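Let me begin by presenting the structure, written as structure tokens, before commenting on it.
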Ligand code: ADP
Ligand code: 5GP
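Residue numbers (this note's numbering): 204 to 419.
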């Protein structure tokens, strides 16, 4: 079958945020591994300790505070924030390289980082907020994930209300009750956003071609 006709467009930045445990990492990882989605995942730096299941360079780049401060000072981070007492940030270079190549980039970052990116590149950003079906279920998921110490879970639950209160910063809000359904919604948003007229830089040329096409 012939390749589908697609006017050229700028790469988009898709941001997913949620209170800890609502399911954004599960959703971003599923999206990243789907061949249809075909996008790059931004790998953040963090000063927090690695969880047992995490892999350096896959889930995060785990760095010390000194390195984090140096990256900030050298403007190597596109955005950064302190979350649950740790430093987190997005390395600038890989994201800029992907976008320049016309590729879409997926971010799993908090509301503070989302605001920083919105201030710089609103037109190219689509934001999604994931809510848990209930606070009780959020707590169960944090406990079931079994990756954090009880005091870390307690801190994350305590911070969840402040994070949930930021939902209005986001374009789309999804209650992650049934995982497959939530994933279908995320996938649909990505497909729709790829057709946004304002990012289709090749549309004028494509339409000119249609209007001047010789049918004789
Ligand atoms: P976050 O990245 O938002 O902190 P995770 O993606 O790590 O959250 O999900 C927290 C836990 O909840 C994980 O163990 C994950 O497998 C589980 N989970 C995610 N979505 C659902 C869902 N819809 N129903 C039940 N469990 C879920
Ligand atoms: P976790 O420690 O559970 O992996 O992440 C804690 C929080 O930090 C989550 O809300 C996650 O989205 C956020 N986070 C992860 N990486 C970044 C980042 O690079 N920048 C910002 N601002 N937040 C991040």
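For every residue, glycine included, the Cβ atom is placed at its ideal position computed from N, Cα and C.
Note that the structure is predicted; figures quoted are calculated from it, not measured.
- Annotation for residue 287 indicates a beta carbon within 7 Å of some heavy atom of the ligand 5GP.
- Between the C-alpha atoms of residue 256 and residue 246 there is a straight-line separation of about 16 Å.
- Annotation for residue 329: the continuous beta strand (DSSP E) segment containing it runs 328–334.
- For the pair of segments examined, the region 320–331 was found to touch the region 216–225: the number of CB pairs separated by less than 8 Å reaches three.
- Residue 271 sits in a helix when the DSSP states are folded into three classes.
- Short of 8 Å from the beta carbon of residue 294, and not among the five residues preceding or following it, lie these beta carbons of its own chain, in chain order: 245, 246, 247, 248, 264, 274, 279, 280, 281.
- Within the same chain, and ignoring the five residues on either side of residue 345 in sequence, the residues whose Cβ sits closer than 8 Å to its Cβ are 223, 224, 351, 356, 359, 360.
- The Cβ atoms of residue 402 and residue 268 lie no closer than 8 Å to each other.
- Counting C-beta atoms within 10 angstroms of its own C-beta, residue 368 has fewer than 16 neighbours from the protein chains shown and is therefore classed as exposed.
- The beta carbon of residue 321 is closer than 8 Å to those of 328, 330, 372 in its chain, skipping five residues each way along the sequence.
- If you look at residue 362, you'll find it in the alpha helix (DSSP H) that goes 353–367.
- By the CB criterion at 8 Å, residue 242 and residue 389 fall outside the cutoff.
- DSSP, read as helix, strand or coil, puts residue 224 in coil.
- Each residue's CA atom was taken as its position, placing residue 309 and residue 399 some 17 Å apart.
- DSSP places residue 288 in no alpha helix (DSSP H); its state is neither H nor E.
- For residue 250, the shortest C-beta to heavy atom distance toward the ligand 5GP is 7 Å or greater.
- Placement of the Cβ of residue 379 at a distance of less than 7 Å from at least one heavy atom of the ligand ADP is found.
- In this structure, residue 287 and residue 362 form a Cβ contact; the two beta carbons are roughly 6 Å apart against a cut-off of 8 Å.
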